[in-house]
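What follows is a single structure, written as structure tokens, with notes after it.
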Amino acid sequence: MILGTAFLLAFAGGLAGLYSFRSGLVTETGIRERLRRLRIGVSAMAIVAWATVITGTWIVYPWYREATPDSPRSILLADPSTETWHTFGMEWKEHIAWTSPMLATAAAFLVLYYGAGLVANRTLRMLTIVLFVGGFVTAGIAGLLGALITKAAPVA
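FYI, the numbering for the sequence shown is -1 to 154, going by the working numbering.
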């Protein structure tokens, strides 16, 4: 919950910063402060995204996959009506969710590298926004699937 809250806050701040980083809205005097906040927002989202997938993979996931009959994985696979939660939902969480921190890191890199150049270069700014939103969407889908899987087979 803590990482999820930090992730949402960092995303909201980063997206607002990227969106407002347009030529008509940014003055020379305000660019330095806006750029500082933008760098903090996108970097925080990338860091929190990495922390989330790492803790999920090496702290939470082993409990899910225990080789006992009452493990969440065993419960889901035992019932044909919930088997899809494992085969689709956990595949997304195990593999595709790792793209979230990669996309967020790519967006953070572009902001850190190009900085104020994002104001003048609309294409680069849009690319950064697409990477940033893509990281958020993949993390959101993984979070939703995780919540549904936990509802179907709780981790004891």
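C-beta: ideal position from N, C-alpha, C; glycine also.
These figures come from a predicted structure and were not determined experimentally.
Would you tell me roughly how many angstroms separate the C-alpha atoms of S69 and Y17, rounded to the nearest one?
Residue 69 sits at position 71 when you count from the first residue of the sequence shown. Residue 17 sits at position 19 when you count from the first residue of the sequence shown. Rounded to the nearest angstrom, the two C-alpha atoms are 44 angstroms apart.
Figure out for me which residue from T148, A140, F134 has the closest Cα to the Cα of F205.
Since the first residue shown for the chain is -1 and the last is 154, residue 205 is missing from the structure and cannot be characterised.
Should V58 be labelled buried (16 or more other beta-carbon atoms within 10 Å of its own) or exposed?
Position 60 of the sequence shown, counted from the start, is the residue given in the question as residue 58. By the 10 Å Cβ count, V58 comes out exposed.
For L143 and W90, which I take to be in contact (beta-carbon distance under 8 angstroms), what is that distance rounded to the nearest angstrom?
Residue 143 sits at position 145 when you count from the first residue of the sequence shown. Residue 90 sits at position 92 when you count from the first residue of the sequence shown. 5 angstroms between Cβ atoms; contact.
If we require 4 or more residues per run, which alpha helix (DSSP H) segments fall completely within the region 25 to 74?
29 to 53, 59 to 62
If you compare alpha carbons, which of L101, G115, F19, Y111 is closest to I45?
Locating residue 45 in the sequence shown gives position 47, counting from the first residue. Here the closest residue by C-alpha is L101.
Sorted by chain position, which residues of the same chain lie with C-beta nearer than 6 angstroms to A151's C-beta, five sequence neighbours on each side aside?
Taking the sequence shown and counting its residues from 1, one reaches residue 151 at position 153. Result list for A151: P70, I73, L74, in chain order.
Could you round the C-beta distance between L1 and A42 to whole angstroms and report it? I think they count as a contact, below 8 angstroms.
On the sequence shown, residue 1 is found 3 positions in, with the first residue counted as 1. On the sequence shown, residue 42 is found 44 positions in, with the first residue counted as 1. About 11 angstroms separates the two Cβ atoms, so there is no contact after all.
Nearest-angstrom Cα distance between T53 and Y62?
Taking the sequence shown and counting its residues from 1, the one referred to as residue 53 is at position 55. Taking the sequence shown and counting its residues from 1, the one referred to as residue 62 is at position 64. Roughly 13 angstroms separates the two Cα atoms.
Would you call G28 buried or exposed, if buried means 16 or more other Cβ atoms sit within 10 Å of its Cβ?
As a working mapping, residue 28 is identified with position 30 in the sequence shown. Exposed is the call here.
Would you decide whether F86 is buried or exposed? Buried here means 16 or more other CB atoms lie within 10 Å of its CB.
Position 88 of the sequence shown, counted from the first residue, corresponds to residue 86. Per the 10 Å Cβ criterion, exposed.
Take the Cβ of A65 as the centre, count every other Cβ of all protein chains shown within 10 Å, and call the residue buried at 16 or more, exposed below.
As a working note, residue 65 is residue 67 in the sequence shown. When all chains shown are included, A65 counts as exposed.
What are the start and end residues of each continuous alpha helix (DSSP H) run of 4 or more residues lying completely inside the region 65 to 119, in chain order?
70 to 76, 89 to 92, 97 to 112, 115 to 118
So, is A14 buried or exposed, given that buried needs 16 or more other C-beta atoms within 10 angstroms?
Counted from its first residue, the sequence shown places residue 14 at position 16. A14 comes out exposed.
For a test of the three-state rule: what should DSSP assign to A151, helix, strand or coil?
Here residue 151 is taken as the residue at index 153 of the sequence shown, counted from 1. The answer is coil: DSSP assigns A151 none of H, G, I, E or B.
Mapping the DSSP letters down to three states, classify F9 as helix, strand or coil.
Start at 1 with the first residue of the sequence shown, and residue 9 comes out as number 11. Looking at F9 - three-state DSSP - the assignment turns out to be helix.
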